[in-house]
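Novice: Just passing along the structure, written as structure tokens.
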Amino acid sequence: MKTFKAHSHQFSTLFFFLLFLPFLNSQTARQESNTGYTCSTTKNQTNNYPCQSYAFYRAISPNYLDLATISDLFSLSRLAISKPSNISSPSTPLLPNQPLLIPITCSCNFINTTFGSISYSNITYTIKPKDTFFIVSTFNFQNLTTYPSVEVVNPNLVATNLPIGGDAVFPIFCKCPEKTRNSSRFMISYVVQPSDNVSSIALMFGATEKSIVDVNGDKLYDYDTIFVPVDKLPVLKQPSTVAVPSPAPSQNSNGGGSDDDKSGTVRGLAIGLGILGFLLILILGIWFYREILSKKEKKERDIYLGEKGRKGDEYKKKGMDVNFMANVSDCLDKYRVFGFDELVEATDGFDESFLIQGCVYKGEIDGQVYAIKKMKWNAYEELKILQKVNHGNLVKLEGFCIEPEESNCYLVYEYVENGSLYSWLHEDKNEKLNWVRRLRIAIDIANGLLYIHEHTRPKVVHKDIKSSNILLDSNMRAKIANFGLAKTGINAITMHIVGTQGYISPEYLTDGVVSTKMDVFSFGVVLLELISGKEVIDEEGNVLWASAIKTFEVKNEQEKARRLKDWLDKAILKETLSMESLMGVLSVAIACLHRDPSKRPSIIDIVYSLTKCEENGFELSDDGFSSQRLVAR
């Protein structure tokens, strides 16, 4: 029945698309020529890239009526959206057209010599069946981007043949304020509606008409994205309760039996149509179920030989592990099953020159570069967890391969271009990470942890968060990798202690307690690496987190700030940056390292605090949330 629900949802989506076809046609004329908004990254630029921006978004039926699905769409936490949107609880259900403010990081991104640089926020979206660039940009992202712009930033994707399960970047249009004394603090990306004019938009956001015209010109076009400059975020008016439809009025008894007869006829007709509809649904459901079973059985037969084709019943002769076969059968519809010969060809027989680190190789298959991880048969646990998670800040599993002759399993991941965070912090590189990038990396890691801790059921504990397991993509956005030690469920006890020295939490090391708070501890160590640029264990065997706690065990804030300057990575000291931001991140790090796991901050608090550090230093918010809440004692 789950299969039928999926297909019935596709029918409803198609109906919705057809219903609004005239509405869509009115938008395409300008969309066909809008590839984005140009920007400059030269030294003479007047805009402050990158910057914190916001996008105005509306909750829409049927898929985006709760903060969980909307936060997943934008790769954010629910709290990150509920706070600026004036919503008291992140779990509150939303009403259709309920307004939201989505925090985004706006960057000036170089595309190519033809298009130059475009100003947008990089949102990674996983392609689903029936998706097109036009449908996703128009419906899911509500015209905050356009399909021509999506095509420009995804030159390797064919718009008419998108790979289901593949990732595409959807550039959410944005702009940064100018670097002038009188410039506004934020820019809000807003899609013009047919009923809008400059006055109504200015009133909605508390902006001036002149400031809107100065940025966008005096002519508005329906469904274009404009940028509204504001000094402070508007307080959105939200409904206090979810509306409940009023009961239908009772029938008037006047008029005798004729109305009753009509009512009985209508009821009878409705019951008949309902039975007919149920039978139709049942028949379709059985048909879909049989089709999917047939496809799955075929994939199970081909699993050892991949997509190159099977050779009769040869796989029966290879000493299959039947239990493993049964375990991975649920994954066959989600991932590509690679042939072993494909992996051998891609890595030149797993030559050392293709080795990235450990047992992970770089290989190109059909023009696509992958990271290929060689494992033994115990890969099932990692595969079981990876099929449950899908987030922009987690490295994506593309497929797998089973090679029973040597009892090996290969997991094939997306290739993340810029390598590990460890190499950027601790190895000699011509370019060093600035503070803005370090803070954005910290937020990306925290958002990835938020997803596995709060958005998966049961919760997932990574158990090996460290800088070498954090990978940076082409836009220097962070992705958590290596779920080989991950565990589902929390508060379990294990006698087999695994992990990396210097990152392991005290309670796990002494008692074997597995909980999300051990990931929080390890994340605190990574924050110290980002701040200091120091190794987690120095040449004398001293542990970084213990050294940090001892160094900053002072109550005097001025003395703490002085010690922080001495402790900072020398590359950061060359910048002009906010001491409030640095102190805020340090406070988060020290709080994460509390010996009592119950006193460590939740990952939701961490994401919110780091976002505040990025926004405007580490300030008190309206509810009195401050660094003191996170300081470990």
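In mature numbering (1 follows the signal peptide of the UniProt record, and there is no 0), the protein residues as written are -26 to -1, 1 to 607.
Think of the CB as a built atom: it goes at the ideal place given N, C-alpha and C, for glycine as much as any other residue.
When you compare only the Cα positions, how much space is there between S496 and F107?
Specialist: CA-CA distance, S496 to F107, rounds to 38 Å.
Novice: Are the segment 511 to 518 and the segment 549 to 557 in contact at 8 Å, needing three or more beta carbon pairs?
Specialist: Because the criterion of three Cβ pairs below 8 Å is not met, the segment 511 to 518 and the segment 549 to 557 do not touch.
Novice: Excluding five sequence neighbours on each side, which residues of the same chain lie with their C-beta closer than 7 Å to the C-beta of residue 618?
Specialist: In the structure as shown, the chain begins at -26 and stops at 607. Residue 618 is therefore absent and cannot be evaluated.
Novice: Just the Cα atoms here: how many angstroms apart are L501 and K586?
Specialist: 16 Å
Novice: Tell me the DSSP secondary structure of T87 in three-state form.
Specialist: coil
Novice: Return the chain-ordered list of same chain residues with a C-beta closer than 7 Å to the C-beta of K211, the five sequence neighbours on each side being excluded.
Specialist: none
Novice: For K539, which residues in the same chain have their Cβ closer than 8 Å to its Cβ, ignoring the five residues on either side in sequence?
Specialist: L547
Novice: Within this structure, are the beta carbons of A522 and I580 separated by less than 9 Å?
Specialist: no
Novice: What are the boundary residues of the alpha helix (DSSP H) that includes L445?
Specialist: L445 -> not in any alpha helix (DSSP H); beta strand (DSSP E) instead, spanning I444 to L446.
Novice: Just how far apart, CA to CA, sit N83 and K529?
Specialist: 43 Å
Novice: Is it buried or exposed, A416, if we count other Cβ atoms within 10 angstroms and call 16 or more buried?
Specialist: It is buried - the Cβ of A416 has at least 16 other Cβ atoms within 10 Å.
Novice: Terminal residues of the continuous alpha helix (DSSP H) containing I186?
Specialist: E183 to N190
Novice: What is the rounded straight-line gap between the Cα of H436 and the Cα of K370?
Specialist: 15 Å
Novice: Does the pairing of the segment 130 to 146 with the segment 182 to 194 give three or more beta-carbon distances under 8 Å?
Specialist: no
Novice: Count the other C-beta atoms from every protein chain shown that fall within 10 angstroms of the C-beta of E319, then say buried if there are 16 or more, exposed otherwise.
Specialist: exposed
Novice: Helix, strand or coil: which one does DSSP assign to G373?
Specialist: strand
Novice: Any contact between the segment 195 to 207 and the segment 145 to 157? By contact I mean 3 or more CB pairs, one from each, below 8 Å.
Specialist: yes
Novice: Does the structure place the segment 438 to 445 close enough to the segment 531 to 538 that three or more beta carbon pairs sit under 8 Å?
Specialist: no
Novice: For the segment 187 to 196 against the segment 55 to 74, are there 3 or more C-beta pairs whose distance is under 8 Å?
Specialist: no
Novice: I'd like the ranges of any beta strand (DSSP E) spanning at least 3 consecutive residues and lying wholly in the segment 91 to 162.
Specialist: 141 to 147
Novice: Rounded to the nearest angstrom, what separates N414 and E588 at their Cα positions?
Specialist: The amino acid at residue 414 is misidentified as Asn; the sequence shows Arg. Answer to the nearest angstrom: the Cα atoms are 8 Å apart.
Novice: When DSSP labels each residue in this structure, what does M557 get in the three-state scheme?
Specialist: helix
Novice: Would L47 pass as a contact of Y38 if the rule is Cβ separation under 9 Å?
Specialist: Cβ atoms of L47 and Y38: closer than 9 Å.
Novice: Please classify E593 as buried or exposed, where buried requires at least 16 other C-beta atoms within 10 Å of its C-beta.
Specialist: Reliability fails at E593, whose pLDDT of 38 lies under 50, so the model's placement of it is uncertain and no value is given.
Novice: Give the C-beta separation of K508 and P571 to the nearest angstrom, bearing in mind that I take them to be a contact with Cβ-Cβ under 8 Å.
Specialist: The Cβ separation is near 24 Å, so there is no contact.
Novice: Around the Cβ of N96, are there at least 16 other Cβ atoms within 10 angstroms (buried) or fewer (exposed)?
Specialist: Classification of N96: buried, given that the 10 Å Cβ count is 16 or more.
Novice: Alpha carbon to alpha carbon, how far is I61 from N382? Give it in angstroms, no decimals.
Specialist: Rounded to whole angstroms, N382 to I61 spans 50 Å at the Cα level.
Novice: Where DSSP assigns a beta bridge to F314, which residues make up the other side?
Specialist: Checking the DSSP bridge columns, you'll see F314 has no partner listed.
Novice: Quick check: the Cα distance between Y389 and I467, rounded to an integer number of angstroms?
Specialist: 34 Å
Novice: Per DSSP, T79 is paired with what?
Specialist: Q26
Novice: State the beta-bridge partners of I200 as determined by DSSP.
Specialist: Y164
Novice: Could you tell me which of E326, L75 and H400 sits nearest to L207, measuring between CA atoms?
Specialist: L75
Novice: Whose C-alpha, out of T43, K153, K348 and D198, is nearest the C-alpha of N114?
Specialist: T43
Novice: Have a look at L368, D340 and R411 and flag the residue whose alpha-carbon is nearest the alpha-carbon of P24.
Specialist: R411
Novice: Work out the CA separation of S158 and S93 for me, nearest whole Å.
Specialist: For S93 and S158, the distance between alpha carbons rounds to 18 Å.
Novice: Please classify S65 as buried or exposed, where buried requires at least 16 neighbouring CB atoms within 10 angstroms.
Specialist: exposed
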